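Novice:
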Amino acid sequence: MNKLKKFDSKFYDESIIRIAGIDEAGRGPLAGPVVAAAVIFDRNKFIEGVNDSKKISEKLREELSFKIKENAFDYSYGIIDQNTIDEINILQSTLKAMSIAANGLKNYPDLILIDGNKSFVSKITTKTIIRGDSLSFSIAAASILAKVKRDKIMKELSTIYPQYGWERNKGYGTKEHIKAIKEFGLTEHHRKSFLRKILYNEVQEKII
2 MNKLKKFDSK FYDESIIRIA GIDEAGRGPL AGPVVAAAVI FDRNKFIEGV NDSKKISEKL
62 REELSFKIKE NAFDYSYGII DQNTIDEINI LQSTLKAMSI AANGLKNYPD LILIDGNKSF
122 VSKITTKTII RGDSLSFSIA AASILAKVKR DKIMKELSTI YPQYGWERNK GYGTKEHIKA
182 IKEFGLTEHH RKSFLRKILY NEVQEKII
């Protein structure tokens, strides 16, 4: 048995028949939303190649995302935009996105496995797993769904704002992206709370 699937298998018992894995994408970028995904598989379902989304190529992620959605018992997304991130901070936004994803499932699981060490309030039992996207099959699958969904959003936004290179950097703080911010300013999709230091330094440079 695959080690990720084996990890999930130890949680099944008479009262736990369905397990949901939840993970997010987009905690660190300077622009765009944070996206969470929740996914449930039948107990014996397995998809070859599923792993932490950060460890596999973009092309493979997209292929696996299709297979995951095709083979999942159920899946759902939670998306929190940049304005809410600025308002309530990225941690609370991430937990909110995860909660929305969990509540969006049409079939309630008996247990929710969450990547990381923080949980959201839920009537269903949750268990946090540090580095869960590298350990759990269902969390790894959720990480792929979340990453592919968020990348698609950023690629679509890049057609409106091509100067920021979002189709390449996905909103992360690359040199290309920061240079574009300094040259063209901010869009409505930028996280202002993430950019205070960059903008402050730019103002200081101009004053000097």
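Numbering follows this note's numbering, in which position 151 of the sequence shown is assigned residue number 152; successive positions increment by one, without gaps.
We put the beta carbon where it would ideally sit given N, CA and C, even for glycine.
Treat the numbers as computed from the prediction; the structure is a model and nothing was measured.
1. Closest by CA to G22, which one among L114, G29, D9 and A103?
2. Below 8 Å on the Cβ atoms is my contact criterion, and I expect A98 with V51 to pass it. Report the Cβ-Cβ distance as a whole number of Å.
3. By the 10 Å Cβ neighbour count, where 16 or more other Cβ atoms means buried, how is K6 classified, buried or exposed?
4. Does D14 pass the burial test, meaning 16 or more other C-beta atoms within 10 Å, or should it be called exposed?
5. When the Cα atoms are used, what is the spatial distance from Q83 to I145?
6. So I41 and F74 are in contact, right, with Cβ under 8 Å, and what is the actual spacing, rounded?
7. Tell me where the beta strand (DSSP E) around L112 begins and ends.
8. Counting Cβ pairs, one atom from each stretch, are 3 or more of them under 8 Å apart for the stretch 46-64 and the stretch 140-155?
9. To the nearest angstrom, how far is it from the Cα of E49 to the Cα of L136?
10. Using DSSP bridges, identify the partner residues of V25.
11. How would you label T126, buried or exposed, when you count the other beta carbons within 10 angstroms and need 16 or more for buried?
12. Scan the stretch 134-167 and note each continuous alpha helix (DSSP H) run of 4 residues or more that stays entirely inside, going in chain order.
13. To which residues does DSSP link H191 through a beta bridge?
14. Assign K156 to one of two classes, buried (16 or more other C-beta atoms within 10 Å of its C-beta) or exposed (fewer than that).
15. Would you call E25 buried or exposed, if buried means 16 or more other Cβ atoms sit within 10 Å of its Cβ?
16. Quick one: what's Y78 bridged to in DSSP?
17. Can you say whether V204 is buried or exposed, counting buried as having 16 or more other CB atoms within 10 angstroms of its CB?
18. By DSSP, does K128 sit in helix, in strand, or in coil?
Specialist: On the basis of the coordinates in this document:
1. Ranking L114, G29, D9 and A103 by CA distance to the CA of G22 puts L114 first.
2. About 21 Å; that fails the 8 Å criterion.
3. Result: buried.
4. Within a 10 Å sphere around the beta-carbon of D14 sit fewer than 16 other beta-carbons, which makes this residue exposed.
5. Straight-line spacing of the CA atoms in Q83 and I145 works out to 21 Å.
6. Confirmed, about 5 Å.
7. Looking at the DSSP string, the run of the beta strand (DSSP E) that includes L112 is L112 to D116.
8. Short answer: they touch.
9. Distance between the alpha carbons of E49 and L136: 15 Å.
10. At residue 25 the sequence reads Glu, which differs from the Val that was named. Looking at the DSSP output, E25 sits in a beta bridge with A37.
11. With fewer than 16 other Cβ atoms within 10 Å, it is exposed.
12. Entirely contained in the stretch 134-167, the alpha helix (DSSP H) runs reaching 4 residues are, in chain order, 138-159.
13. Answer is A32, bridged to H191.
14. Classification for K156: exposed.
15. If you draw a 10 Å sphere on the C-beta of E25, you find 16 or more other C-beta atoms in it, and that means buried.
16. Looking at the DSSP assignment, Y78 forms a beta bridge with A38.
17. Confidence at V204 is low in this model, with a pLDDT of 37, below 50, so the placement of that residue should be treated as unreliable; the coordinate-derived value is given next. In summary, V204 is exposed, with fewer than 16 beta-carbon neighbours lying within 10 Å of its beta-carbon over all protein chains present.
18. Strand.
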